[in-house]
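Single-structure report; data block below.
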Amino acid sequence: MRNASRQILPLVVLMVAGFVLSSIKSGFSQQKGQPIVIGAPLSTQYLYGWDAQRAMVLAIEEINAKGAVQVGSARRPFKLEVLDTRDLEPGVPLSDALLVVEKLILEKKADILMGGPVRSEAALAAMDLIAKYKKVSILTTGALTPAYHRRIAENYSKYEFLFRITSEAGQLAKEAVDLFENLRQEYGFNQIFIMVQDVAHARAIGELVGKNLGQKGWKVLGTEVYPTGALDYSTGLLKARDQKAQILFVWMDHPEIAILVKQWKELKIPVLPIAGISSAVEHPGGWASSDGAVAYWFASPANAGNAPSNATPLTMKFYDAYKKRWLVEPEGYGTSSSYTAVYALADAIKRAGSLDSDRLVAALEKTDMVGVYGKIAFDPKTHQVIPSYNPKEGAVGTWFQWQEGKRVVIWPSTIAVGKIRIPPLLTPAKGEAK
55 MRNASRQILP LVVLMVAGFV LSSIKSGFSQ QKGQPIVIGA PLSTQYLYGW DAQRAMVLAI
115 EEINAKGAVQ VGSARRPFKL EVLDTRDLEP GVPLSDALLV VEKLILEKKA DILMGGPVRS
175 EAALAAMDLI AKYKKVSILT TGALTPAYHR RIAENYSKYE FLFRITSEAG QLAKEAVDLF
235 ENLRQEYGFN QIFIMVQDVA HARAIGELVG KNLGQKGWKV LGTEVYPTGA LDYSTGLLKA
295 RDQKAQILFV WMDHPEIAIL VKQWKELKIP VLPIAGISSA VEHPGGWASS DGAVAYWFAS
355 PANAGNAPSN ATPLTMKFYD AYKKRWLVEP EGYGTSSSYT AVYALADAIK RAGSLDSDRL
415 VAALEKTDMV GVYGKIAFDP KTHQVIPSYN PKEGAVGTWF QWQEGKRVVI WPSTIAVGKI
475 RIPPLLTPAK GEAK
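Okay, so the sequence shown: first residue is 55 according to the numbering used here, each after it adds one.
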């Protein structure tokens, strides 16, 4: 019996070793399964393109490191394919962006589209192309025009594959009006001058804000529209000064807004400058690049997490991870939303158990998760992320002010970490500057 046992024991050891090796091999084969290709059409030479790309890379690295994405019984890693649409560059035709989208689908074999096109006009033009190929698409940066989600609602059967996980012009205009009303109550301000870029979403926001404030009794002193790439803003600034504006509302996403910031300081214009989506103001390097001229400026990089706050338990985790990975704080609009979109997609794929577009649409419509900037859920008719001032109820925006070299979130009050400061040249109608 002893001899038999001695003969059997090596066989048992070999069988167990073989089973362990087989299990390890199986685990590796699942980890190295066919990648899920995310095609990202982005204007990569501009802030709202490269920050979205970096955020996607970070999320994909985290997800793949934790075992990739569960698709039915298999686990498959994400793979990112980025192509430059150049749609934020002046003079580049929309057809170039459409060619990039089609190349991602046909040549790069993208399973899902994410990111852009970034310019509103390009995103609208791409809708029919994406619908033609029945590819699920999640807009995460740029493309703020309300026409995007309205078109989905009006022709759901055609555009059901398209989603937007970031804010849009209507919501941002509402946030701006609520912020201005708060300033009126606290400081007595009621006179505003508007300066916007000559692009669809900026014109829409300027018109919405002006109309709504006028209805609330504000004096809208005028609106100046500047072409993309404009190099001189003194005319609008001087008009704001001469008409005794108290607030200057600026909405421009091109880098040349840095010139506007410096001219505001050099000309000593006594207004509180509030910018919205404005690359040179919202970027964490804005203070250094302007030699502090950006002091007192507001900006809205759209979604919480693009400036430091505690909107959700994930906000600062993302903030710190991005800073560690890229050696810079989250850079502006498109950052936290692009990161969150990858996680929302992974969640939907897991629940769908498939990459089939129809099943993915159904899963995305049922999304209910905590993200970097609040609860992430989509309106089932428009596929627009549902907004809220309460991060437990929806996606929360963020407005910050440059104070002593830091971006300090001051609106909405539910996530604010500081209080508004008034420029010394501007005297509030109520009390002293705070």
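In this text, a Cβ means the ideal position worked out from N, Cα and C, and glycines have one as well.
Only a predicted model underlies this, so the values are computations on that prediction, with no experimental measurement involved.
- Message: Tell me the rounded alpha-carbon separation between residue 448 and residue 459.
- Response: Distance between the alpha carbons of residue 448 and residue 459 is about 30 Å.
- Query: So what does DSSP say about residue 167, is it helix, strand or coil?
  - Reply: strand
- Select from 441, 394 and 336 the residue whose C-alpha is nearest the C-alpha of residue 461. Here the closest residue by C-alpha is 336.
- Query: Taking just the CA atoms, how far does residue 307 sit from residue 182?
  - Reply: If I take the Cα positions, the gap works out to 26 Å.
- Query: Just how far apart, CA to CA, sit residue 102 and residue 196?
  - Reply: 7 Å
- Query: Alpha carbon to alpha carbon, what distance is there between residue 165 and residue 410?
  - Reply: 9 Å
- Are the stretch 237-246 and the stretch 277-292 in contact at 8 Å, needing three or more beta carbon pairs? no
- Task: Tell me, please, which residues DSSP counts as bridged to residue 118.
- Result: Per DSSP, none; premise fails for residue 118.
- Who are the near neighbours of residue 142 in its chain, counting only those whose CB is closer than 8 Å to its CB and skipping five residues on each side? 97, 99, 100, 102, 103, 172, 173, 196, 307 and 308
- Task: Please name the residue, chosen from 400, 217, 300 and 407, that lies closest to residue 482 on a Cα-to-Cα basis.
- Result: 300
- In this structure, what does DSSP give as the bridge partners for residue 357? 451
- Item | Where residue 84 falls: helix, strand or coil (DSSP) | Residue confidence for residue 84 is low, a pLDDT of 42 falling below 50, so the modelled location carries little weight and cannot support an answer.
- Simplified DSSP state of residue 508, which is helix, strand or coil: Outside the modelled stretch of the chain, which goes from 55 to 488, sits residue 508, for which no answer is possible.
- When you compare each of 88, 154, 144 and 478 to residue 319 by their alpha carbons, which one comes out closest? The candidate whose alpha carbon is nearest that of residue 319 is 478.
- Query: Taking the runs of the alpha helix (DSSP H) that are 4 residues or longer, which of them lie wholly in the stretch 182-257?
  - Reply: 201-208, 210-213 and 223-241
- Query: For residue 332, which option in 374, 388 and 365 has the closest C-alpha, if you only look at C-alpha atoms?
  - Reply: 388
- Taking all protein chains shown into account, decide if residue 364 is buried (16 or more other Cβ within 10 angstroms of its Cβ) or exposed. Here residue 364 is exposed: its Cβ has fewer than 16 other Cβ atoms, across all protein chains shown, within 10 Å.
- Message: As a quick exercise: from 149, 160, 351 and 119, pick the residue whose alpha carbon is nearest that of residue 93.
- Response: Considering only 149, 160, 351 and 119, the residue with the shortest C-alpha distance to residue 93 is 160.
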